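Chains as they are written, first to last, in our numbering: chain A, 17 to 364; chain B, 192 to 584. Using N, Cα and C, we set each Cβ at its ideal position, and we do this for glycine too. All of these numbers come straight from a predicted model, not from anything done at the bench. Have a look at the structure below before the remarks.
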């Protein structure tokens, strides 16, 4: 499928957003779950642009890199999207036309926001006769899942925060213990206290690493899925809009038939011909609407099935990896404390 | 009704607290006098300790007996030692801190109020958390009161104190009311005078190298212990917060597991169980750290303060002695009230020497005790951390 086995290209963040917007425009409204791109962060980006060489901006860049990687991996896993020429161009070609209209505060950006709001209002007013219980069930499930994931995400974020705090406090304590060891005049105890300080310092490092793991594995997985579920909900909404279009077409057809009947009664031959033309037009539209609706329903069923499988696999892999990281931390802790124990015992 | 229910659960009856005697080490099982707190009951705002004594000394009417005491009575005993001039040359064992359940009580109230807004499962979990916390604070306060009594009982001079015997034996209320506002104000002023005086007195260089060295050492040590104790506290608290987070994550995973339709739900339930177990262990880690490290440091903070107080009293008596000498010289020069000056000088001299003698021994003992206590606690800390880490992996 590709011209070479291994290749790499340089891309900007806005290129990713451009790719996503192209794919979304092509596939979302026919029922494909297009993975959402990472969000813009005006604050984070400004810091990096200003050239702040500190921990938070390196963290920010790393966070973004990891998020973009996950985004691309999800997108290429999708068999239909993989065939898309835009995606191929994105991955392969060395020069990419600059994606425009991706800035948050540009005209296009504002238009997007307005459209989103309009969609939300429309959703509330569409009253769909759901003939298929499967869709209703699934929608409810996704609502629940969304809520649960958000709660879990908040809890994991709290853990990340506390773990970082613990690391800072441990470092402070290590310094303090070292000072205490210095002022202690009993030599063996003094040495033991200095050892304790060293152990705590190492533990602080451990905590920091664990905090990273907490975050990158667990927390980001959850926030990715929260956005993915938003995309899923979007797809369901498109189906509703499709249904609405079909309904509207049917209503219009009915009106046109009434008009024809009226013209027949009023005996206006040219108007009758016009009415007949319109009826043909709208019959075709109704048929198309029905076909579209059935197509989107079928696509969604397939997509949701695939999504669920992916979700299960994703969660299992990541959580297992995360638990492994927790175990590793514990094993390191064991090593450190085992080294300290003889020192403590040596205090005479 | 619900409020009363919770209150009832959070007032435990504790049996033995042997595991928490960690701080005090050299409490030889002395057949002559053995003191411990065999029971404790928490009621409303008060904690009632059952002080149990076993003694072969003739001063007591029986060989084994128990009385019920409250915190104020411990403070009364401590203060009576401090105010006794005869004990100026000893390190007075520091008074146990007041039992403080306010924070827990607040949390309990919040829990009661928020009961409607969380699932039954969450509520039970949080209640358990609170109960564990309350129990831990309770155990700690019992241990600290016991340590105080044991230190007094182990001290060769203090254990003979009459007030102490009354405290142990008199089986009715000692009627020591807490200090009223006026007395508290007096105390406050006394403390201010003392610290100002302490600054003046510490300026005087000591003739004795041992004491000079001890003074510099203690000052620095005290400050560093204070710092280490504060930081250790914060570290322990962060640990506990992280453990609490595990708890909530476990609940959320459980909720996910029960609601999910795919076969991932069993997986979620298992992981949720795991988090629960992890959380219990992490909570224990933080509690143990708290006990072995933070409490050790806090205790030695108080003890080093008591040692500093001893040095202060000695310096004070030295200054008094030197002043008395000067007065004697002046009196001899003027040949007026010489006898009076002589007697007062002699008294000061005696007092000073007595204090110096016992102080030296006390400070040496302090060091021995401190080293032993640190050793014991650090070893236990390391062993516990190892145990927990092995269980978790």
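Classify residue 111 of chain A as helix, strand or coil using the three-state DSSP reduction. coil
Please tell me whether residue 215 of chain B has its Cβ less than 9 Å away from any Cβ of chain A. Its pLDDT being 45, under 50, residue 215 of chain B is placed unreliably by the model, and the measurement read from it follows with that caveat. So no, residue 215 of chain B is outside the interface.
Residue interval of the alpha helix (DSSP H) (run including residue 266 of chain A): 236 to 282
Kindly indicate which residue of A:326, A:318, A:335 and A:353 has the alpha-carbon position closest to the one of residue 150 of chain A. A:318
Counting only Cβ pairs nearer than 8 Å, list the residues of chain A close to residue 440 of chain B. 168, 171, 172 and 175
Do residue 349 of chain A and residue 222 of chain A have their beta-carbon atoms positioned less than 9 Å apart in this structure? yes
Would you say residue 312 of chain B and residue 437 of chain B are within 9 Å of each other, going by their C-beta atoms? no
Does residue 350 of chain A come within less than 9 Å of chain B when only Cβ atoms are used? yes
Taking one C-beta from the segment 484 to 495 of chain B and one from the segment 414 to 425 of chain B each time, how about it: are there three or more such pairs within less than 8 Å? yes
Using the beta-carbon of each residue, which ones in chain A are nearer than 7 Å to residue 447 of chain B? 164 and 168
Residue from A:28, A:208, A:20 and A:50 whose Cα sits closest to the Cα of residue 252 of chain A: A:50
Answer yes or no: does any C-beta atom of chain A fall closer than 9 Å to that of residue 432 of chain B? yes
Between residue 255 of chain B and the rest of its own chain, which residues show a CB-CB distance below 6 Å, the 5 nearest in sequence each way excluded? 245
In three-state terms, what does DSSP make of residue 328 of chain A? helix
9 Å is my cut-off, CB to CB: does residue 206 of chain B come that close to chain A? Its pLDDT being 37, under 50, residue 206 of chain B is placed unreliably by the model, and the measurement read from it follows with that caveat. Not an interface residue.
Within 10 angstroms of the Cβ of residue 290 of chain B, are there 16 or more other Cβ atoms? Answer buried if so, exposed if not. buried
Counting C-beta neighbours from all protein chains within 10 Å, is the total for residue 20 of chain A 16 or more, i.e. buried, or is it exposed? exposed
Residue range of the alpha helix (DSSP H) that residue 406 of chain B falls in? 400 to 450
Report yes or no: is there a C-beta of chain A within less than 9 Å of the C-beta of residue 475 of chain B? no
As a quick exercise: from A:346, A:351 and A:320, pick the residue whose alpha carbon is nearest that of residue 48 of chain A. A:320
What residues from chain B crowd round residue 337 of chain A, counting only those whose CB sits closer than 9 Å? None at all; the shortest Cβ gap to chain B is about 12 Å.
Check whether the Cβ of residue 205 of chain A lies closer than 9 Å to any Cβ atom in chain B. yes
In chain order, what residues of the same chain have a beta carbon less than 6 Å from the beta carbon of residue 532 of chain B, not counting five sequence neighbours either side? 518, 519 and 522
Buried or exposed for residue 183 of chain A, please, with buried defined as at least 16 other CB atoms from any protein chain shown within 10 angstroms of its CB. buried
In chain B, what lies closer than 7 Å to residue 356 of chain A by C-beta? 573
How many angstroms separate the CA atom of residue 311 of chain A from the CA atom of residue 263 of chain A? 16 Å
Using a beta-carbon distance below 9 Å, is residue 279 of chain A in contact with chain B? no
Any heavy atom of the ligand SAH closer than 8 Å to the Cβ of residue 259 of chain A? The ligand SAH is not among the ligands present in this structure, which contains no ligands whatsoever.
Starting from residue 238 of chain B, follow the beta strand (DSSP E) in both directions and report where the run begins and ends. 237 to 246
Applying the criterion that 16 or more other CB atoms from any shown protein chain within 10 Å of the CB defines a buried residue, is residue 579 of chain B buried or exposed? buried
If the cut-off is 9 Å on Cβ atoms, which residues from the segment 484 to 516 of chain B count as contacting chain A, listed in chain order? 484 and 488
Cβ of residue 251 of chain B less than 9 Å from any chain A Cβ? no
Report the rounded CA-to-CA distance for residue 376 of chain B versus residue 257 of chain B, giving the unit in angstroms. 35 Å
From the beta carbon of residue 558 of chain B, is the nearest beta carbon of chain A less than 9 Å away? yes
Run down chain A in chain order and give the residues with a C-beta less than 7 Å from the C-beta of residue 458 of chain B. 332
Residue 357 of chain B - DSSP class collapsed to helix/strand/coil: helix
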